[in-house]
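Encoded as C-alpha coordinates, the structure appears first; notes follow it.
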Amino acid sequence: RDENCRLYKLVTEKDFEIKQLQKKIQEDRLALSGTSGLAGDVAATKIVELAKKNREIIAETESEKAKVKQLNNKVKELERELQTAVEKIHSLGGSDAGIKQSALKKTEENLAESPEVKALQEKLTTANFKVLEYRNQLQSAKQELKMTQKLLANEVGEDVNIQSLLTNSGSWRGRAQQILVLQSKVRELENQLGQNKSRTLLSEMDEELLALTDLRKLSAQEKNLLKIRSLEKERKEALEKLTVEHDALKTNHEEVKKNLDATKARNKVLCSEVKTLKGQIITLLEKGKHDDELIDALLSQQKQMQEILKHLSQQDEKNKESQQLLGQHLNNEAQRQNCLVEQLRQMVAEREAKVKELEEETGQLALQVVRRNELEKHTCNHFRSAFPLPSLMLTMMGPALLTVPSVGMTMQEFSLVTLIFFLVWILILDFKVLQMQITEHKALCQAAEVERDRLLELVAVLQKRIEEGSDKVLEAEKRLQEERRRCVILEQQLEKLQMDPGRLTSTQKPPLRSKTGEVELLPTALSPISPQWLTDSSNIWTLISQTYTNA
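In terms of this note's numbering, the sequence shown is residues 321 to 871.
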(Lines of atoms letter the chains of each structure in order from A; the text may use other names.)
(Lines give C-alpha, C1' and ligand atoms only; values in the text may rest on other atoms or scores of the structure.)
Protein backbone atom coordinates (compact mmCIF):
# COMPACT_ATOMS: atom_id res chain seq x y z
CA ARG A 321 0.00 0.00 0.00
CA ASP A 322 2.82 2.39 0.86
CA GLU A 323 4.53 1.70 -2.47
CA ASN A 324 1.25 2.20 -4.35
CA CYS A 325 0.68 5.48 -2.54
CA ARG A 326 4.20 6.62 -3.33
CA LEU A 327 3.83 5.65 -7.01
CA TYR A 328 0.49 7.45 -7.17
CA LYS A 329 2.08 10.56 -5.66
CA LEU A 330 4.97 10.36 -8.14
CA VAL A 331 2.52 9.99 -11.03
CA THR A 332 0.55 13.02 -9.85
CA GLU A 333 3.75 15.03 -9.46
CA LYS A 334 4.90 14.06 -12.94
CA ASP A 335 1.51 14.95 -14.40
CA PHE A 336 1.78 18.32 -12.71
CA GLU A 337 5.30 18.78 -14.13
CA ILE A 338 4.07 17.81 -17.61
CA LYS A 339 1.29 20.39 -17.33
CA GLN A 340 3.81 23.00 -16.26
CA LEU A 341 6.06 22.10 -19.21
CA GLN A 342 3.11 22.37 -21.56
CA LYS A 343 2.32 25.78 -20.12
CA LYS A 344 5.96 26.79 -20.61
CA ILE A 345 5.84 25.60 -24.24
CA GLN A 346 2.69 27.63 -24.80
CA GLU A 347 4.31 30.66 -23.20
CA ASP A 348 7.37 30.19 -25.43
CA ARG A 349 5.17 30.03 -28.47
CA LEU A 350 3.32 33.15 -27.36
CA ALA A 351 6.68 34.85 -26.74
CA LEU A 352 7.76 33.93 -30.26
CA SER A 353 4.49 35.29 -31.56
CA GLY A 354 5.13 38.54 -29.63
CA THR A 355 2.75 38.40 -26.63
CA SER A 356 5.15 37.82 -23.71
CA GLY A 357 7.55 40.64 -22.96
CA LEU A 358 8.83 40.05 -19.41
CA ALA A 359 9.98 36.42 -19.87
CA GLY A 360 13.32 37.64 -21.20
CA ASP A 361 14.07 39.48 -17.93
CA VAL A 362 13.38 36.37 -15.89
CA ALA A 363 15.55 34.28 -18.18
CA ALA A 364 18.41 36.79 -17.98
CA THR A 365 18.29 36.89 -14.18
CA LYS A 366 18.24 33.09 -14.08
CA ILE A 367 21.22 32.93 -16.41
CA VAL A 368 23.18 35.37 -14.25
CA GLU A 369 22.34 33.48 -11.06
CA LEU A 370 23.23 30.14 -12.62
CA ALA A 371 26.50 31.54 -13.95
CA LYS A 372 27.39 32.78 -10.44
CA LYS A 373 26.52 29.40 -8.94
CA ASN A 374 28.56 27.67 -11.62
CA ARG A 375 31.58 29.86 -10.87
CA GLU A 376 31.29 29.27 -7.12
CA ILE A 377 30.97 25.52 -7.61
CA ILE A 378 33.95 25.48 -9.97
CA ALA A 379 36.04 27.43 -7.44
CA GLU A 380 35.05 25.05 -4.65
CA THR A 381 35.85 22.01 -6.82
CA GLU A 382 39.23 23.47 -7.68
CA SER A 383 40.00 24.07 -3.99
CA GLU A 384 38.94 20.51 -3.18
CA LYS A 385 41.10 19.23 -6.05
CA ALA A 386 44.06 21.16 -4.64
CA LYS A 387 43.44 19.60 -1.22
CA VAL A 388 43.25 16.14 -2.81
CA LYS A 389 46.53 16.79 -4.62
CA GLN A 390 48.17 17.82 -1.35
CA LEU A 391 46.90 14.67 0.32
CA ASN A 392 48.16 12.54 -2.57
CA ASN A 393 51.56 14.20 -2.28
CA LYS A 394 51.64 13.41 1.45
CA VAL A 395 50.74 9.78 0.70
CA LYS A 396 53.52 9.60 -1.87
CA GLU A 397 56.00 11.04 0.63
CA LEU A 398 54.95 8.42 3.17
CA GLU A 399 55.41 5.68 0.56
CA ARG A 400 58.88 7.01 -0.22
CA GLU A 401 59.77 6.96 3.46
CA LEU A 402 58.50 3.38 3.60
CA GLN A 403 60.69 2.40 0.67
CA THR A 404 63.74 4.04 2.24
CA ALA A 405 63.05 2.18 5.49
CA VAL A 406 62.79 -1.13 3.59
CA GLU A 407 66.06 -0.41 1.79
CA LYS A 408 67.77 0.32 5.10
CA ILE A 409 66.51 -2.97 6.47
CA HIS A 410 67.86 -4.74 3.36
CA SER A 411 71.23 -3.10 3.87
CA LEU A 412 71.32 -4.31 7.48
CA GLY A 413 70.73 -7.89 6.35
CA GLY A 414 68.37 -10.71 7.14
CA SER A 415 65.68 -12.58 5.31
CA ASP A 416 64.03 -10.34 2.73
CA ALA A 417 60.51 -11.73 2.97
CA GLY A 418 60.29 -11.65 6.76
CA ILE A 419 61.82 -8.20 6.91
CA LYS A 420 59.42 -6.89 4.28
CA GLN A 421 56.42 -8.36 6.03
CA SER A 422 57.52 -7.05 9.43
CA ALA A 423 58.33 -3.62 7.99
CA LEU A 424 55.02 -3.46 6.14
CA LYS A 425 53.12 -4.52 9.26
CA LYS A 426 54.95 -1.96 11.38
CA THR A 427 54.40 0.80 8.87
CA GLU A 428 50.73 -0.11 8.50
CA GLU A 429 50.33 -0.15 12.28
CA ASN A 430 52.15 3.17 12.58
CA LEU A 431 50.05 4.65 9.80
CA ALA A 432 46.87 3.30 11.36
CA GLU A 433 47.87 4.52 14.81
CA SER A 434 49.17 7.92 13.73
CA PRO A 435 46.51 10.64 14.24
CA GLU A 436 47.72 12.61 11.20
CA VAL A 437 46.92 9.71 8.87
CA LYS A 438 43.52 9.28 10.48
CA ALA A 439 42.79 12.97 10.10
CA LEU A 440 43.96 12.88 6.47
CA GLN A 441 41.74 9.87 5.75
CA GLU A 442 38.76 11.62 7.30
CA LYS A 443 39.52 14.74 5.27
CA LEU A 444 39.78 12.57 2.11
CA THR A 445 36.39 10.99 2.74
CA THR A 446 34.79 14.39 3.40
CA ALA A 447 36.45 15.82 0.29
CA ASN A 448 35.14 12.91 -1.82
CA PHE A 449 31.64 13.43 -0.47
CA LYS A 450 31.86 17.14 -1.21
CA VAL A 451 33.15 16.44 -4.75
CA LEU A 452 30.18 14.14 -5.39
CA GLU A 453 27.79 16.77 -4.07
CA TYR A 454 29.39 19.47 -6.21
CA ARG A 455 29.19 17.21 -9.27
CA ASN A 456 25.50 16.69 -8.71
CA GLN A 457 25.03 20.42 -8.22
CA LEU A 458 27.01 21.09 -11.43
CA GLN A 459 24.86 18.68 -13.40
CA SER A 460 21.66 20.26 -12.13
CA ALA A 461 23.08 23.74 -12.83
CA LYS A 462 24.09 22.69 -16.37
CA GLN A 463 20.60 21.37 -17.02
CA GLU A 464 19.07 24.60 -15.78
CA LEU A 465 21.53 26.57 -17.94
CA LYS A 466 20.52 24.58 -21.00
CA MET A 467 16.87 25.24 -20.27
CA THR A 468 17.44 28.97 -19.85
CA GLN A 469 19.58 29.11 -23.00
CA LYS A 470 16.78 27.45 -24.93
CA LEU A 471 14.31 29.96 -23.56
CA LEU A 472 16.64 32.81 -24.55
CA ALA A 473 17.12 31.31 -27.99
CA ASN A 474 13.36 31.09 -28.39
CA GLU A 475 12.98 34.73 -27.38
CA VAL A 476 16.08 36.40 -28.83
CA GLY A 477 17.41 34.00 -31.43
CA GLU A 478 19.90 31.19 -31.78
CA ASP A 479 22.97 33.04 -33.10
CA VAL A 480 23.15 35.72 -30.39
CA ASN A 481 25.90 36.12 -27.77
CA ILE A 482 24.64 36.38 -24.21
CA GLN A 483 27.59 38.60 -23.20
CA SER A 484 26.82 41.05 -25.98
CA LEU A 485 23.21 41.16 -24.81
CA LEU A 486 24.37 41.83 -21.25
CA THR A 487 26.88 44.51 -22.31
CA ASN A 488 24.40 46.32 -24.57
CA SER A 489 22.45 49.13 -22.96
CA GLY A 490 19.19 48.15 -24.65
CA SER A 491 16.46 46.75 -22.48
CA TRP A 492 14.35 43.67 -23.05
CA ARG A 493 11.28 45.82 -23.54
CA GLY A 494 12.95 47.70 -26.39
CA ARG A 495 13.81 44.42 -28.05
CA ALA A 496 10.26 43.21 -27.63
CA GLN A 497 9.04 46.41 -29.30
CA GLN A 498 11.54 45.84 -32.13
CA ILE A 499 10.23 42.31 -32.47
CA LEU A 500 6.67 43.64 -32.65
CA VAL A 501 7.69 46.18 -35.32
CA LEU A 502 9.44 43.46 -37.29
CA GLN A 503 6.41 41.21 -36.94
CA SER A 504 4.19 44.02 -38.26
CA LYS A 505 6.59 44.45 -41.19
CA VAL A 506 6.46 40.70 -41.82
CA ARG A 507 2.68 40.85 -41.86
CA GLU A 508 2.74 43.74 -44.35
CA LEU A 509 5.15 41.80 -46.53
CA GLU A 510 2.92 38.75 -46.27
CA ASN A 511 -0.03 40.86 -47.33
CA GLN A 512 2.00 42.16 -50.28
CA LEU A 513 2.96 38.59 -51.14
CA GLY A 514 -0.68 37.58 -50.95
CA GLN A 515 -1.59 40.41 -53.29
CA ASN A 516 1.21 39.39 -55.67
CA LYS A 517 0.07 35.77 -55.48
CA SER A 518 -3.49 36.81 -56.28
CA ARG A 519 -2.20 38.80 -59.24
CA THR A 520 -0.11 35.83 -60.43
CA LEU A 521 -3.11 33.55 -59.98
CA LEU A 522 -5.23 35.91 -62.04
CA SER A 523 -2.56 35.98 -64.72
CA GLU A 524 -2.34 32.18 -64.62
CA MET A 525 -6.10 31.94 -64.86
CA ASP A 526 -5.99 34.20 -67.87
CA GLU A 527 -3.25 32.06 -69.40
CA GLU A 528 -5.24 28.89 -68.69
CA LEU A 529 -8.28 30.42 -70.27
CA LEU A 530 -6.16 31.33 -73.25
CA ALA A 531 -4.74 27.84 -73.24
CA LEU A 532 -8.23 26.37 -73.06
CA THR A 533 -9.19 28.50 -75.96
CA ASP A 534 -6.04 27.31 -77.70
CA LEU A 535 -6.55 23.64 -76.69
CA ARG A 536 -8.84 23.18 -79.53
CA LYS A 537 -6.00 24.21 -81.72
CA LEU A 538 -3.31 22.11 -79.80
CA SER A 539 -2.76 18.40 -80.26
CA ALA A 540 -3.36 15.65 -77.68
CA GLN A 541 0.32 15.30 -76.77
CA GLU A 542 0.62 18.95 -75.93
CA LYS A 543 -2.47 18.69 -73.78
CA ASN A 544 -0.98 15.78 -71.88
CA LEU A 545 2.29 17.62 -71.38
CA LEU A 546 0.47 20.59 -69.95
CA LYS A 547 -1.44 18.35 -67.56
CA ILE A 548 1.77 16.58 -66.49
CA ARG A 549 3.51 19.90 -65.83
CA SER A 550 0.60 21.13 -63.76
CA LEU A 551 0.63 17.88 -61.77
CA GLU A 552 4.39 18.19 -61.26
CA LYS A 553 3.96 21.69 -59.92
CA GLU A 554 1.27 20.57 -57.52
CA ARG A 555 3.35 17.61 -56.37
CA LYS A 556 6.43 19.79 -55.87
CA GLU A 557 4.45 22.28 -53.83
CA ALA A 558 3.00 19.45 -51.75
CA LEU A 559 6.49 17.95 -51.25
CA GLU A 560 7.90 21.28 -50.19
CA LYS A 561 5.08 21.73 -47.71
CA LEU A 562 5.60 18.19 -46.39
CA THR A 563 9.37 18.69 -46.04
CA VAL A 564 8.82 21.93 -44.15
CA GLU A 565 6.29 20.21 -41.90
CA HIS A 566 8.65 17.25 -41.49
CA ASP A 567 11.53 19.51 -40.46
CA ALA A 568 9.29 21.35 -38.03
CA LEU A 569 8.10 18.04 -36.58
CA LYS A 570 11.69 16.85 -36.29
CA THR A 571 12.70 19.96 -34.41
CA ASN A 572 9.65 19.64 -32.20
CA HIS A 573 10.46 15.99 -31.65
CA GLU A 574 14.04 16.81 -30.66
CA GLU A 575 12.86 19.54 -28.34
CA VAL A 576 10.32 17.20 -26.80
CA LYS A 577 13.06 14.56 -26.38
CA LYS A 578 15.34 17.06 -24.71
CA ASN A 579 12.50 18.21 -22.49
CA LEU A 580 11.78 14.58 -21.64
CA ASP A 581 15.42 13.96 -20.73
CA ALA A 582 15.45 17.10 -18.65
CA THR A 583 12.20 16.10 -16.97
CA LYS A 584 13.59 12.61 -16.29
CA ALA A 585 16.73 14.04 -14.73
CA ARG A 586 14.66 16.55 -12.83
CA ASN A 587 12.35 13.72 -11.77
CA LYS A 588 15.30 11.72 -10.43
CA VAL A 589 16.60 14.71 -8.55
CA LEU A 590 13.14 15.41 -7.20
CA CYS A 591 12.72 11.76 -6.18
CA SER A 592 15.98 11.88 -4.25
CA GLU A 593 14.95 15.19 -2.70
CA VAL A 594 11.55 13.72 -1.84
CA LYS A 595 13.23 10.77 -0.13
CA THR A 596 15.51 13.04 1.86
CA LEU A 597 12.58 15.31 2.71
CA LYS A 598 10.52 12.31 3.83
CA GLY A 599 13.37 11.20 6.08
CA GLN A 600 13.65 14.72 7.43
CA ILE A 601 9.88 14.85 7.98
CA ILE A 602 10.00 11.55 9.88
CA THR A 603 12.87 12.78 12.04
CA LEU A 604 11.06 16.09 12.59
CA LEU A 605 7.88 14.25 13.59
CA GLU A 606 9.87 12.13 16.04
CA LYS A 607 11.54 15.24 17.38
CA GLY A 608 8.14 16.90 17.67
CA LYS A 609 6.82 13.93 19.65
CA HIS A 610 9.85 14.01 21.93
CA ASP A 611 9.49 17.77 22.30
CA ASP A 612 5.80 17.40 23.16
CA GLU A 613 6.65 14.77 25.76
CA LEU A 614 9.36 16.99 27.16
CA ILE A 615 7.02 19.99 27.24
CA ASP A 616 4.35 17.95 29.04
CA ALA A 617 6.92 16.72 31.52
CA LEU A 618 8.21 20.26 32.06
CA LEU A 619 4.68 21.58 32.51
CA SER A 620 3.92 18.87 35.07
CA GLN A 621 7.21 19.66 36.77
CA GLN A 622 6.31 23.35 36.72
CA LYS A 623 2.94 22.61 38.33
CA GLN A 624 4.59 20.48 40.98
CA MET A 625 7.19 23.16 41.60
CA GLN A 626 4.43 25.75 41.96
CA GLU A 627 2.66 23.51 44.46
CA ILE A 628 5.95 22.98 46.29
CA LEU A 629 6.53 26.75 46.30
CA LYS A 630 3.06 27.36 47.71
CA HIS A 631 3.64 24.73 50.36
CA LEU A 632 7.08 26.18 51.09
CA SER A 633 5.66 29.69 51.38
CA GLN A 634 3.04 28.39 53.80
CA GLN A 635 5.73 26.56 55.73
CA ASP A 636 7.87 29.71 55.72
CA GLU A 637 4.99 31.67 57.21
CA LYS A 638 4.41 28.93 59.78
CA ASN A 639 8.13 28.78 60.51
CA LYS A 640 8.24 32.56 60.90
CA GLU A 641 5.32 32.47 63.32
CA SER A 642 6.79 29.51 65.22
CA GLN A 643 10.20 31.19 65.29
CA GLN A 644 8.65 34.41 66.57
CA LEU A 645 6.82 32.43 69.25
CA LEU A 646 10.02 30.51 70.01
CA GLY A 647 11.95 33.77 70.21
CA GLN A 648 9.40 35.26 72.57
CA HIS A 649 9.32 32.05 74.61
CA LEU A 650 13.12 31.91 74.69
CA ASN A 651 13.31 35.56 75.71
CA ASN A 652 10.76 34.95 78.47
CA GLU A 653 12.62 31.84 79.58
CA ALA A 654 15.91 33.73 79.49
CA GLN A 655 14.41 36.50 81.62
CA ARG A 656 12.96 33.94 84.00
CA GLN A 657 16.23 32.08 84.17
CA ASN A 658 18.09 35.33 84.76
CA CYS A 659 15.65 36.15 87.57
CA LEU A 660 16.09 32.66 88.98
CA VAL A 661 19.87 32.97 88.74
CA GLU A 662 19.76 36.29 90.54
CA GLN A 663 17.43 34.86 93.21
CA LEU A 664 19.67 31.82 93.57
CA ARG A 665 22.70 34.04 93.84
CA GLN A 666 20.94 36.05 96.54
CA MET A 667 19.98 32.82 98.29
CA VAL A 668 23.56 31.57 98.04
CA ALA A 669 24.84 34.87 99.41
CA GLU A 670 22.31 34.70 102.28
CA ARG A 671 23.19 31.09 102.97
CA GLU A 672 26.89 31.89 102.89
CA ALA A 673 26.26 34.74 105.35
CA LYS A 674 24.25 32.38 107.57
CA VAL A 675 27.00 29.77 107.30
CA LYS A 676 29.56 32.37 108.32
CA GLU A 677 27.35 33.42 111.25
CA LEU A 678 26.88 29.79 112.27
CA GLU A 679 30.61 29.17 111.99
CA GLU A 680 31.22 32.17 114.21
CA GLU A 681 28.56 30.95 116.67
CA THR A 682 30.04 27.43 116.63
CA GLY A 683 33.44 28.95 117.33
CA GLN A 684 32.06 30.96 120.23
CA LEU A 685 30.16 27.92 121.54
CA ALA A 686 33.27 25.79 121.26
CA LEU A 687 35.17 28.41 123.26
CA GLN A 688 32.37 28.47 125.83
CA VAL A 689 32.40 24.66 126.01
CA VAL A 690 36.14 24.64 126.45
CA ARG A 691 35.87 27.24 129.20
CA ARG A 692 33.06 25.33 130.94
CA ASN A 693 35.02 22.09 130.68
CA GLU A 694 37.98 23.82 132.29
CA LEU A 695 35.69 25.24 135.01
CA GLU A 696 34.13 21.83 135.61
CA LYS A 697 37.54 20.22 135.84
CA HIS A 698 38.69 22.93 138.22
CA THR A 699 35.57 22.64 140.42
CA CYS A 700 35.70 18.86 140.41
CA ASN A 701 39.33 18.87 141.40
CA HIS A 702 38.63 21.47 144.13
CA PHE A 703 35.63 19.48 145.38
CA ARG A 704 37.66 16.28 145.48
CA SER A 705 40.44 17.97 147.33
CA ALA A 706 37.99 19.64 149.76
CA PHE A 707 35.45 16.83 150.13
CA PRO A 708 36.86 13.45 149.34
CA LEU A 709 33.96 11.27 148.21
CA PRO A 710 33.91 7.96 146.50
CA SER A 711 34.12 7.94 142.74
CA LEU A 712 30.68 6.41 142.46
CA MET A 713 29.11 9.45 144.07
CA LEU A 714 30.77 11.78 141.67
CA THR A 715 29.71 9.74 138.72
CA MET A 716 26.20 9.11 139.88
CA MET A 717 25.23 12.69 140.74
CA GLY A 718 21.68 11.66 140.83
CA PRO A 719 18.70 13.33 142.45
CA ALA A 720 19.14 11.10 145.53
CA LEU A 721 21.88 13.40 146.77
CA LEU A 722 19.36 16.16 147.13
CA THR A 723 17.10 14.21 149.54
CA VAL A 724 19.31 11.77 151.35
CA PRO A 725 22.02 13.39 153.59
CA SER A 726 25.36 11.73 153.57
CA VAL A 727 27.00 10.43 156.68
CA GLY A 728 29.73 12.48 158.34
CA MET A 729 28.60 15.87 156.84
CA THR A 730 26.92 18.84 158.29
CA MET A 731 23.95 20.44 156.69
CA GLN A 732 25.95 23.38 155.35
CA GLU A 733 28.45 21.06 153.76
CA PHE A 734 25.70 18.99 152.33
CA SER A 735 23.96 22.07 150.94
CA LEU A 736 27.21 23.23 149.34
CA VAL A 737 27.71 19.85 147.83
CA THR A 738 24.21 19.80 146.51
CA LEU A 739 24.63 23.27 145.10
CA ILE A 740 27.85 22.27 143.42
CA PHE A 741 26.30 19.14 142.04
CA PHE A 742 23.30 21.11 140.89
CA LEU A 743 25.57 23.59 139.13
CA VAL A 744 27.55 20.76 137.60
CA TRP A 745 24.34 19.15 136.48
CA ILE A 746 23.18 22.43 134.91
CA LEU A 747 26.54 22.83 133.21
CA ILE A 748 26.33 19.28 131.87
CA LEU A 749 22.84 19.95 130.56
CA ASP A 750 24.02 23.21 128.93
CA PHE A 751 26.96 21.35 127.45
CA LYS A 752 24.62 18.76 125.96
CA VAL A 753 22.38 21.49 124.62
CA LEU A 754 25.39 23.22 123.10
CA GLN A 755 26.57 19.93 121.58
CA MET A 756 23.11 19.43 120.09
CA GLN A 757 23.17 22.97 118.70
CA ILE A 758 26.66 22.38 117.28
CA THR A 759 25.52 19.18 115.56
CA GLU A 760 22.45 20.98 114.24
CA HIS A 761 24.56 23.86 112.98
CA LYS A 762 26.99 21.41 111.37
CA ALA A 763 24.09 19.64 109.67
CA LEU A 764 22.73 23.00 108.55
CA CYS A 765 26.18 23.95 107.20
CA GLN A 766 26.44 20.68 105.29
CA ALA A 767 22.91 21.13 103.92
CA ALA A 768 23.73 24.71 102.92
CA GLU A 769 26.91 23.54 101.18
CA VAL A 770 24.94 20.82 99.39
CA GLU A 771 22.29 23.36 98.37
CA ARG A 772 25.01 25.74 97.24
CA ASP A 773 26.56 22.99 95.09
CA ARG A 774 23.14 22.15 93.68
CA LEU A 775 22.43 25.79 92.97
CA LEU A 776 25.79 26.13 91.20
CA GLU A 777 24.99 23.06 89.15
CA LEU A 778 21.57 24.52 88.32
CA VAL A 779 23.22 27.79 87.31
CA ALA A 780 25.63 25.89 85.03
CA VAL A 781 22.75 23.87 83.53
CA LEU A 782 20.74 27.06 82.97
CA GLN A 783 23.72 28.73 81.31
CA LYS A 784 24.14 25.68 79.06
CA ARG A 785 20.45 25.82 78.20
CA ILE A 786 20.70 29.52 77.43
CA GLU A 787 23.70 28.87 75.16
CA GLU A 788 21.88 26.00 73.44
CA GLY A 789 18.81 28.20 72.99
CA SER A 790 20.93 30.97 71.44
CA ASP A 791 22.61 28.41 69.15
CA LYS A 792 19.21 27.08 68.14
CA VAL A 793 18.00 30.61 67.45
CA LEU A 794 21.07 31.26 65.26
CA GLU A 795 20.57 27.97 63.40
CA ALA A 796 16.89 28.77 62.90
CA GLU A 797 17.80 32.23 61.54
CA LYS A 798 20.36 30.66 59.18
CA ARG A 799 17.79 28.13 57.99
CA LEU A 800 15.30 30.92 57.50
CA GLN A 801 17.79 32.86 55.36
CA GLU A 802 18.63 29.73 53.33
CA GLU A 803 14.96 28.96 52.81
CA ARG A 804 14.31 32.54 51.68
CA ARG A 805 17.21 32.36 49.24
CA ARG A 806 15.99 29.04 47.88
CA CYS A 807 12.48 30.40 47.57
CA VAL A 808 13.83 33.40 45.62
CA ILE A 809 15.83 31.07 43.32
CA LEU A 810 12.78 28.86 42.76
CA GLU A 811 10.62 31.89 42.00
CA GLN A 812 13.21 33.10 39.46
CA GLN A 813 13.28 29.67 37.83
CA LEU A 814 9.49 29.61 37.68
CA GLU A 815 9.43 33.07 36.08
CA LYS A 816 11.99 31.90 33.51
CA LEU A 817 9.91 28.80 32.77
CA GLN A 818 6.79 30.92 32.40
CA MET A 819 8.53 33.54 30.23
CA ASP A 820 10.28 31.28 27.70
CA PRO A 821 9.44 27.56 27.86
CA GLY A 822 10.56 27.12 24.20
CA ARG A 823 14.14 28.12 25.01
CA LEU A 824 14.35 25.35 27.57
CA THR A 825 13.25 22.79 25.03
CA SER A 826 15.80 24.04 22.45
CA THR A 827 18.67 24.04 24.99
CA GLN A 828 17.78 20.67 26.43
CA LYS A 829 17.18 18.92 23.16
CA PRO A 830 20.64 17.47 22.44
CA PRO A 831 21.12 15.65 25.76
CA LEU A 832 17.48 14.46 25.83
CA ARG A 833 17.60 12.96 22.36
CA SER A 834 18.01 9.29 23.29
CA LYS A 835 15.53 6.72 22.00
CA THR A 836 15.83 4.45 25.03
CA GLY A 837 15.18 7.11 27.68
CA GLU A 838 13.62 10.13 26.07
CA VAL A 839 13.56 12.39 29.14
CA GLU A 840 16.79 11.75 30.99
CA LEU A 841 17.21 15.04 32.80
CA LEU A 842 13.83 14.97 34.53
CA PRO A 843 14.15 14.60 38.29
CA THR A 844 12.42 12.04 40.42
CA ALA A 845 10.17 14.85 41.68
CA LEU A 846 7.89 14.32 38.65
CA SER A 847 6.19 11.41 40.42
CA PRO A 848 2.98 12.32 42.28
CA ILE A 849 3.77 13.89 45.66
CA SER A 850 1.56 13.43 48.70
CA PRO A 851 0.90 16.38 51.05
CA GLN A 852 1.96 14.29 54.07
CA TRP A 853 5.34 13.75 52.42
CA LEU A 854 5.64 17.50 51.87
CA THR A 855 5.11 18.24 55.57
CA ASP A 856 8.58 16.95 56.34
CA SER A 857 11.11 19.73 55.64
CA SER A 858 13.95 17.25 55.05
CA ASN A 859 11.99 15.61 52.21
CA ILE A 860 11.32 19.02 50.66
CA TRP A 861 14.97 20.03 50.79
CA THR A 862 16.06 16.66 49.32
CA LEU A 863 13.57 17.17 46.47
CA ILE A 864 14.84 20.71 45.81
CA SER A 865 18.47 19.56 45.87
CA GLN A 866 17.62 16.79 43.38
CA THR A 867 15.99 19.32 41.05
CA TYR A 868 19.06 21.61 41.32
CA THR A 869 21.50 18.79 40.63
CA ASN A 870 19.49 17.49 37.67
CA ALA A 871 19.09 21.01 36.23
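For every residue, glycine included, the Cβ atom is placed at its ideal position computed from N, Cα and C.
Does the distance from the CB of residue i to the CB of residue j come in under 8 Å?
i    : j    : result
L800 : Q666 : no
D636 : E803 : yes
Q317 : L685 : The first residue shown for the chain is 321 and the last is 871, placing residue 317 beyond what the model contains.
Q503 : A585 : no
L794 : Q657 : no
A447 : K387 : yes
L775 : L664 : yes
C807 : S633 : yes
R671 : A768 : yes
R785 : V668 : no
I548 : L472 : no
C511 : K334 : For the record, residue 511 in the displayed sequence is Asn; it is not Cys. Not closer than 8 Å, so no.
A461 : K577 : no
E681 : H761 : yes
Go through its chain and collect everything with a Cβ distance to residue i's Cβ below 8 Å, but skip five positions before and after it.
i    : result
L341 : N579 and T583
I338 : T583
Y454 : I377, E380, T381 and E384
Q755 : V689
Would you tell me roughly how many angstroms separate the C-alpha atoms of residue i and residue j, rounded to the nearest one?
i    : j    : result
K385 : K344 : 39 Å
Q403 : L452 : 33 Å
S550 : L509 : 27 Å
R375 : T381 : 10 Å
I377 : S620 : 51 Å
E641 : G647 : 10 Å
L327 : L444 : 38 Å
N516 : T468 : 41 Å
V437 : F449 : 18 Å
L398 : L391 : 11 Å
L749 : A673 : 29 Å
E347 : E557 : 32 Å
Q457 : V395 : 29 Å
F742 : V689 : 18 Å
D581 : I601 : 29 Å
L614 : L604 : 15 Å
E560 : K553 : 11 Å
K595 : F336 : 19 Å
G608 : R805 : 36 Å
L521 : E575 : 38 Å
A759 : L678 : In the sequence under discussion, the amino acid at residue 759 is Thr, which differs from the Ala named in the question. The straight-line gap from Cα to Cα measures roughly 11 Å.
Thinking C-alpha only, which one of the options is nearest residue i?
i    : options             : result
E369 : I338, E382 and L465 : L465
E788 : L559, R400 and A654 : A654
Q812 : E401, Q622 and V690 : Q622
V770 : L739, V753 and V675 : V675
Sorted by chain position, which residues of the same chain lie with C-beta nearer than 6 Å to residue i's C-beta, five sequence neighbours on each side aside?
i    : result
L778 : none
With a CB to CB cut of under 7 Å and the five nearest residues on each side skipped, what residues in its chain are close to residue i?
i    : result
L650 : G789 and V793
K329 : none
M625 : L810 and L814
H573 : none
N639 : L800
V589 : S460
>> Ignoring anything shorter than 4 residues, give me the alpha helix (DSSP H) runs that lie fully in the region 745-831, in order along the chain.
In response: 821-827
> Hey, which unbroken runs of the beta strand (DSSP E) at 3 residues or more fall wholly within the region 633-688?
Replying inline: none
>> Report the start-end ranges of each beta strand (DSSP E) in the region 375-399 that is 3 residues or longer and not cut off at the edges.
In response: none
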